[in-house]
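What follows is a short report on a single structure.
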Amino acid sequence: MQINIERPFKPAAKLADTPGDRHFHSSQLFPAIVMLSNALPDLAAWTAYLRDAPIPVLGDTAAEIAALAAAEAADGQVDARTLAEAITGDPLMTIKVLADSARRRSPGQVTDAESVTAAVMLMGLKRFFVNYAELEGIEQRLAAIPGALEGMNRVVMRSHRASRFALSFAVHRMEADAAVIHEAALLHDIAELLLWCHAPTLALEIRILQMADPKLRSAAVQKVVLNVRLDQLEQSLMQAWQLPELLVELTSEGPCNPLHAPQRRMVKLAVRLARHSADGWTDAALPDDIHEVSQLLGLSHGATQRLVRNIDL
Numbered sequence: 174m175q176i177n178i179e180r181p182f183k184p185a186a187k188l189a190d191t192p193g194d195r196h197f198h199s200s201q202l203f204p205a206i207v208m209l210s211n212a213l214p215d216l217a218a219w220t221a222y223l224r225d226a227p228i229p230v231l232g233d234t235a236a237e238i239a240a241l242a243a244a245e246a247a248d249g250q251v252d253a254r255t256l257a258e259a260i261t262g263d264p265l266m267t268i269k270v271l272a273d274s275a276r277r278r279s280p281g282q283v284t285d286a287e288s289v290t291a292a293v294m295l296m297g298l299k300r301f302f303v304n305y306a307e308l309e310g311i312e313q314r315l316a317a318i319p320g321a322l323e324g325m326n327r328v329v330m331r332s333h334r335a336s337r338f339a340l341s342f343a344v345h346r347m348e349a350d351a352a353v354i355h356e357a358a359l360l361h362d363i364a365e366l367l368l369w370c371h372a373p374t375l376a377l378e379i380r381i382l383q384m385a386d387p388k389l390r391s392a393a394v395q396k397v398v399l400n401v402r403l404d405q406l407e408q409s410l411m412q413a414w415q416l417p418e419l420l421v422e423l424t425s426e427g428p429c430n431p432l433h434a435p436q437r438r439m440v441k442l443a444v445r446l447a448r449h450s451a452d453g454w455t456d457a458a459l460p461d462d463i464h465e466v467s468q469l470l471g472l473s474h475g476a477t478q479r480l481v482r483n484i485d486l
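Start counting at 1 in the sequence shown, then tack on 173, and there's your number in my numbering.
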């Protein structure tokens with residue numbers, strides 16, 4: 174398994190006026206940008222809408238995949254793992270590939286593609302580059318909405334940090350499904366990211382309410398603004414996309430196969446740690462998080478604290 178946990182997250186850039194850049198100026202390729210300004214009535218309506226909505230990606234991801242396509246066309250030296258690293262640097266591109274892979278699953282296919290690498294290998298490099306020859310950049314979509322790109326970047330950054338924590342825990346425990354654990358943490362907040370993509374004014378409303386009163390519970394605010402909780406929407410979407418069973422289980426709050434309980438715990442602790450340390454290592458909840466991680470990994474409190482702080486460097 175080769176997953177690059179050191180790859181730095183580059184925030185989505187504000188739109189620069191650079192003629193001819195097809196990744197950042199995607200309006201000519203994707204002219205019909207539709208945004209939701211009012212909440213949909215219920216979980217079923219949100220699921221139906223987002224299930225089939227286009228998924229934009231980070232501009233850097235689009236540029237990197239285009240460069241890999243050119244390299245593959247020139248000398249054929251690109252492999253599935255290199256391409257997978259480019260994809261998993263972006264939670265939006267990751268869910269796009271996994272959802273497309275599930276949708277294209279052949280009737281005779283015995284197992285799911287549980288990781289991006291497996292999905293790319295099943296699809297084949299040539300077909301992959303044909304399918305994703307044009308990718309809509311999120312920068313164009315959110316350029317006209319003040320604060321939206323910043324809000325989305327915060328969620329992407331948090332997702333990256335959660336995935337790094339989860340992968341480190343999995344490697345320490347020598348988990349065979351480390352790649353899936355990494356992706357489960359990366360995708361844990363995918364419903365929130367899709368909200369920024371397709372209903373940024375509603376996402377901003379939630380953020381403003383929570384900033385005004387940090388004691389408000391996220392689920393309660395989401396229910397008021399959206400008529401649905403984002404954790405419920407995430408699970409509903411994953412099931413609608415027919416994503417691999419293990420990936421769905423590791424991100425769920427529902428019943429869990431006892432064999433997968435430690436893996437789910439890794440994902441949940443990684444997500445909690447990323448949330449509580451998003452603005453520094455002073456949150457009052459962090460000592461409890463560190464204690465639970467130390468129990469999971471069989472390390473002392475001090476060793477665990479050093480481990481997670483080193484991952485965050």
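We put the beta carbon where it would ideally sit given N, CA and C, even for glycine.
Hey, would you say residue i sits closer than 8 Å to residue j, going by beta carbons?
i, j, result
"aspartate 263", "leucine 231", "yes"
"leucine 377", "glycine 310", "no"
"leucine 223", "histidine 371", "yes"
"leucine 480", "aspartate 462", "no"
"alanine 451", "arginine 331", "yes"
"valine 293", "alanine 357", "no"
"alanine 393", "phenylalanine 302", "no"
Do you know offhand how far residue i's Cα is from residue j's?
i, j, result
"tryptophan 369", "glycine 249", "36 Å"
"threonine 455", "alanine 259", "32 Å"
"leucine 322", "leucine 366", "11 Å"
"alanine 218", "threonine 374", "18 Å"
"threonine 234", "methionine 347", "29 Å"
"valine 270", "lysine 396", "29 Å"
"histidine 355", "leucine 315", "27 Å"
Under the three-state reduction of DSSP, which class applies to residue i: helix, strand or coil?
i, result
"valine 207", "coil"
"valine 230", "strand"
"glycine 310", "strand"
"threonine 374", "helix"
"glutamine 201", "Low confidence applies to glutamine 201: its pLDDT is 41, below 50, so where it sits in the model is not reliable, and the reading given next is rough at best. Glutamine 201: coil per DSSP, three-state reduction."
Is it right to say residue i is buried, meaning 16 or more other beta carbons lie within 10 angstroms of its own, or is it exposed?
i, result
"aspartate 362", "buried"
"lysine 388", "exposed"
"valine 207", "exposed"
"isoleucine 238", "buried"
"methionine 296", "buried"
"serine 409", "buried"
"alanine 291", "buried"
"arginine 276", "exposed"
Could you check which residue in the options has the C-alpha nearest to that of residue i?
i, options, result
"phenylalanine 338", "Phe301, Arg448 and Ser473", "Arg448"
"arginine 482", "Ser425, Leu241 and Ala335", "Ala335"
"methionine 266", "Asn304, Arg278 and Gln408", "Asn304"
"leucine 360", "Arg254, Val289, Trp219 and Ala235", "Val289"
"glutamate 465", "Arg445, Ile484, Asp452 and Arg380", "Arg445"
"alanine 476", "Lys269, His345 and Ser391", "His345"
"aspartate 350", "Leu315, Ser391, Glu245 and Leu432", "Leu432"
"phenylalanine 342", "Gly471, Arg254 and Ser210", "Gly471"
"leucine 406", "Asn211, Ala221 and Ser210", "Ala221"
"glutamate 418", "Ile354, Glu312, Gln383 and Glu287", "Glu287"
"proline 227", "Glu307, Thr261 and Gly453", "Glu307"
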